[in-house]
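Line by line, the protein sequences give chains W and Z.
Residue numbering for the first sequence follows the UniProt record's numbering, starting at 1 and increasing by one per position.
Residue numbering for the second sequence follows the UniProt record's numbering, starting at 1 and increasing by one per position.
Idealized CB from N, CA, C, for every residue including glycine.
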Amino acid sequence: MHITKEKASRHTLAVMVDNEPGILARIAGLFTARGYNIESLTVSDVTADKAVSRITIVTSASDATMEQILAQLDRLIPVHSVTDLTALGPHVERELALLKVSGTGDHRIEALRLADVYRARVVDATTTSFVFEVTGGREKIDTFITLMREVGLCEVARTGIVAMARGNASI
Amino acid sequence: MTEKSGADILIEALCDLGVEVVFGYPGGAVLPIYDALFRSGRIKHILVRHEQAATHAAEGYARSTGKPGVVLVTSGPGATNAVTGITDALMDSIPMVVITGQVPTALIGTDAFQEADTVGITRHCSKHNYLVKDPAKLGDTIHEAFYIATSGRPGPVVIDIPKDVQVATARYTKPGPIRHKTYRPQIKADQTSIEQAVDMLAAAERPILYTGGGIINAGPAASQLLRELARISGAPVTSTLMGLGAYPASGEQWLGMLGMHGTYEANLAMNKADLIVCLGARFDDRVTGRLDAFSPFSRKIHVDIDRSSINKNVRVDLAIVADVGHALEDMVRVFKARRHPKPDLAAWWQMIGEWRAKKSLDFPEVDNDIMPQRAVRALWEATHKRAPIITTEVGQHQMWAAQHFGFDAPNKWLTSGGLGTMGYGLPAAIGAQLGNPKALVIDIAGEASIQMNIQELATASQYRLPVKIFILNNEYMGMVRQWQELTYSSRYSESYSDSLPDFVKLGEAYGWKGIRIEGLGQLDDGIAAMLDHDGPVIVDCRVAKLANCFPMIPSGAAHTEMLLQASEVSGEMDDEAKALV
Numbered sequence: 001m002h003i004t005k006e007k008a009s010r011h012t013l014a015v016m017v018d019n020e021p022g023i024l025a026r027i028a029g030l031f032t033a034r035g036y037n038i039e040s041l042t043v044s045d046v047t048a049d050k051a052v053s054r055i056t057i058v059t060s061a062s063d064a065t066m067e068q069i070l071a072q073l074d075r076l077i078p079v080h081s082v083t084d085l086t087a088l089g090p091h092v093e094r095e096l097a098l099l100k101v102s103g104t105g106d107h108r109i110e111a112l113r114l115a116d117v118y119r120a121r122v123v124d125a126t127t128t129s130f131v132f133e134v135t136g137g138r139e140k141i142d143t144f145i146t147l148m149r150e151v152g153l154c155e156v157a158r159t160g161i162v163a164m165a166r167g168n169a170s171i
Numbered sequence: 001m002t003e004k005s006g007a008d009i010l011i012e013a014l015c016d017l018g019v020e021v022v023f024g025y026p027g028g029a030v031l032p033i034y035d036a037l038f039r040s041g042r043i044k045h046i047l048v049r050h051e052q053a054a055t056h057a058a059e060g061y062a063r064s065t066g067k068p069g070v071v072l073v074t075s076g077p078g079a080t081n082a083v084t085g086i087t088d089a090l091m092d093s094i095p096m097v098v099i100t101g102q103v104p105t106a107l108i109g110t111d112a113f114q115e116a117d118t119v120g121i122t123r124h125c126s127k128h129n130y131l132v133k134d135p136a137k138l139g140d141t142i143h144e145a146f147y148i149a150t151s152g153r154p155g156p157v158v159i160d161i162p163k164d165v166q167v168a169t170a171r172y173t174k175p176g177p178i179r180h181k182t183y184r185p186q187i188k189a190d191q192t193s194i195e196q197a198v199d200m201l202a203a204a205e206r207p208i209l210y211t212g213g214g215i216i217n218a219g220p221a222a223s224q225l226l227r228e229l230a231r232i233s234g235a236p237v238t239s240t241l242m243g244l245g246a247y248p249a250s251g252e253q254w255l256g257m258l259g260m261h262g263t264y265e266a267n268l269a270m271n272k273a274d275l276i277v278c279l280g281a282r283f284d285d286r287v288t289g290r291l292d293a294f295s296p297f298s299r300k301i302h303v304d305i306d307r308s309s310i311n312k313n314v315r316v317d318l319a320i321v322a323d324v325g326h327a328l329e330d331m332v333r334v335f336k337a338r339r340h341p342k343p344d345l346a347a348w349w350q351m352i353g354e355w356r357a358k359k360s361l362d363f364p365e366v367d368n369d370i371m372p373q374r375a376v377r378a379l380w381e382a383t384h385k386r387a388p389i390i391t392t393e394v395g396q397h398q399m400w401a402a403q404h405f406g407f408d409a410p411n412k413w414l415t416s417g418g419l420g421t422m423g424y425g426l427p428a429a430i431g432a433q434l435g436n437p438k439a440l441v442i443d444i445a446g447e448a449s450i451q452m453n454i455q456e457l458a459t460a461s462q463y464r465l466p467v468k469i470f471i472l473n474n475e476y477m478g479m480v481r482q483w484q485e486l487t488y489s490s491r492y493s494e495s496y497s498d499s500l501p502d503f504v505k506l507g508e509a510y511g512w513k514g515i516r517i518e519g520l521g522q523l524d525d526g527i528a529a530m531l532d533h534d535g536p537v538i539v540d541c542r543v544a545k546l547a548n549c550f551p552m553i554p555s556g557a558a559h560t561e562m563l564l565q566a567s568e569v570s571g572e573m574d575d576e577a578k579a580l581v
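Listed below in structure tokens is the structure:
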């Protein structure tokens, strides 16, 4: 007997929740307990009184599982709303990454040149290293990281995706 | 206004919420609460002998009265012992509030004595949980917890209270009606969906009402409305294990339970129906059998208060998110308002009549041996006029009770459906007896399951609760043995109940009356003797050892592939079937 997997597509969700202890464990635990994927998860409070947090989750699931994920998230008591940005329509996705590159000579010059193309900023420098800050969609950052590997990349930190629907409507 | 200790706030809030009974077990981290309980004298505390039993007793109390069950246990092992019952209540949607003591806030995270991460452990087996670190928030939290436990799809809510929060003081005022900022269950259905559902029901040629525990949770009025909807639509009615009693087993349109051990007529009707109206059930795997062969010719309507139940296992054509009681009320009203004539279902009922003629619940009698089905029927004969409350453990005896003990009213059938918890029945019977002091409460048990919470014999003795335990003793974990016969060529790996106690003497040791029934000749007299005794009685009814529970849809099979008798059982199954639960 072999175990089969269902076809999945990628969705970006915006989940508004009460900013209370344990909420992240509730969300993350729901995903593990029910066997859903998390590709990335970011969280931060977003209201003036710091009472509400926005969690952006990137997940991949079949259509049927996706419907379950939305319903299961909505069922959690501290959840205000769940929005499937991917299903909603056009939206902006951004991620920030910090990359540390070490080296001297040609590698160093090439790193700066690539950073310029990718609109990465230098946020720290020594005579043998740079830290670059780059923002963009996942693909751009993936590509930038791949390129930097060839010129001395030694450390990466990424925030994970944050996302927002285009247009004047808000959630 | 003067300040009160957290423990006193808790007791006062419980009184404000109308709590009469708490099931619990004291320990270091709840001593302030136990002292407040002692000083108050306003709440009856039932001292169980193991915290798991406190949770099942609370479930039994809740299921039989419609009121939330309340549990009070200490930190660490007290809380972890309660986890099985909390999970059970989540799976079966039982309203329950569990109060757990916790080590003082300053010690949380230090691996203190009897510390466990209770909110962490119960996060995914409760409907919601709280760690209360501020006594000023305790009162509101308790009221909110009861609101969440009892509204929407009911379930268990855990409140973890550190010991210093129980001692520290704050003000308490009884809050007004709760309007939660995020949690607002949808009670009333969308009107156009109701109209659509009614039109589909009125137009169907082969409709079936597939009912579940949601109708019991919606209160006795919902059961009456179900009966009315069945009457005006003429549709046959089947039910899940959890929904038994919502429609009377003596009713003409009753097909019996459906699913793995359901009747032939119920499962065939599901398979051949052109419309399934699912009312407060959730298309569980025990009900659907093989999903890709489940009810292939039907359109499906699903009424459920929990949106996540809809389209979870089976895709439906019309989803109605609502309390099933309200939805039934609306459906009955619209059905009548539209002057739909009672549909002509003669052809459908004729098909059903042919399936009924199979008499799928019939069983072979054996000379002098008591067939377990016979014992359940004899118990029903002797008691049904008293409308008894029946609890069960988990296994063959549970299925035989579901099949052969006819329930005519809701809240009379308490069983662990979703989680399938052995050891549920005795504590549940204790809880039910407390909530219904005059009722006849019987735990139909197996000799293996009953041992899982056997210590609760003492609880019934202490509170003079006249519960009856009726053990169908076949000296096997019968359902395990049955599956081993079906799947593993009868290799009985660890399914024999060896070294059984003498249940009669055991009962007597706890101050119970003990009765042994051996052979068919003693069955009726033994049951009569059990009923004659006004205290607790344990009956060791020796039944045919190798009887199996039929009909049966094996795991991974379709409704049309029912096994009706033992001779149809094959010896070994393939790996795909072995991997299914």
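| Asked | Found |
| --- | --- |
| In chain order, each beta strand (DSSP E) run of at least 3 residues that lies wholly inside the stretch 291 to 371 of chain Z | 299 to 304, 318 to 321 |
| Nearest residue (CA-CA) to Z:L434, options Z:S64, Z:A221, Z:G514, Z:A189 | Z:S64 |
| Three-state class that DSSP yields for Z:R49 in the structure shown | coil |
| Contact the stretch 390 to 407 of chain Z vs the stretch 439 to 451 of chain Z: 3+ CB pairs below 8 Å | yes |
| Residue-level contact to chain Z via CB, W:I77, 7 Å cutoff | yes |
| Whole-angstrom distance between W:V43 and W:A71, CA atom to CA atom | 20 Å |
| Chain W contact residues for Z:E576, given Cβ-Cβ distances below 7 Å | M1 |
| Continuous alpha helix (DSSP H) stretch holding Z:M96: start and end | Premise fails: Z:M96 lies in the beta strand (DSSP E), 96 to 102, not in any alpha helix (DSSP H). |
| Contact list for the UniProt domain "Thiamine pyrophosphate enzyme central" (194 to 330) of chain Z against chain W, Cβ threshold 9 Å | D306, R307, S308, S309, I310, N311, K312, R315 |
| Distance, W:G137 Cα to W:E95 Cα | 6 Å |
| Cα-Cα separation between Z:S295 and Z:A168, rounded to whole angstroms | 59 Å |
| W:S60 - partner residues in DSSP beta bridges | W:R10 |
| Where the alpha helix (DSSP H) through Z:L131 begins and ends | Taken as a continuous stretch (DSSP letters only), Z:L131 belongs to no alpha helix (DSSP H), being part of the beta strand (DSSP E) at 128 to 131. |
| Same chain, Cβ closer than 6 Å to Z:A382, five either side skipped, listed in chain order | I527 |
| Any chain Z beta carbon closer than 7 Å to W:G29 | yes |
| Extent of the continuous alpha helix (DSSP H) run through Z:P427 | 425 to 435 |
| Residues bridged to Z:A170 [DSSP beta-bridge criterion] | Z:K4 |
| Neighbour flag for residue 172 of chain W against chain Z, beta carbons, 7 Å | This structure does not reach residue 172 of chain W, given that chain W is present from 1 up to 171, and the question cannot be answered. |
| Range covered by the beta strand (DSSP E) that runs through Z:W254 | 254 to 257 |
| Per-residue DSSP class, three states only, for Z:S449 | helix |
| Cβ of W:H80 within 7 Å of any chain Z Cβ | yes |
| Per-residue DSSP class, three states only, for Z:C15 | helix |
| Length of the line joining the Cα atoms of Z:T238 and Z:V334 | 23 Å |
| Buried/exposed call for Z:S493, threshold 16 Cβ in 10 Å | exposed |
| Inter-residue spacing [alpha-carbon to alpha-carbon] between Z:I430 and Z:E20 | 15 Å |
| Three or more C-beta pairs below 8 Å linking the stretch 6 to 17 of chain Z and the stretch 104 to 122 of chain W | no |
| Closer than 7 Å to chain Z by CB, W:A61 | no |
| Against chain W: residues of the stretch 110 to 130 of chain Z by CB proximity under 8 Å | V119, G120, R123, H124, K127, H128 |
| Z:L90 in three-state terms, based on DSSP | helix |
| Anticipated Cβ contact below 8 Å, W:T86 with W:I171, distance rounded | In fact, because the Cβ distance is near 14 Å, the residues do not count as touching under 8 Å. |
| The stretch 167 to 187 of chain Z / the stretch 147 to 157 of chain Z touching (three or more Cβ pairs under 8 Å) | yes |
| Residue of Z:P343, Z:K342, Z:F470, Z:G28 minimising C-alpha distance to Z:R377 | Z:F470 |
| Residues near Z:H404 by beta carbon distance below 8 Å, same chain, minus five either side | L361, Q373, V376, R377, W380 |
| Under 8 Å from the C-beta of W:D74: neighbouring residues of chain Z | R307, S308 |
| Coarse secondary structure for Z:T211, derived from DSSP in three states | strand |
| Whole-angstrom distance between W:T159 and W:A111, CA atom to CA atom | 22 Å |
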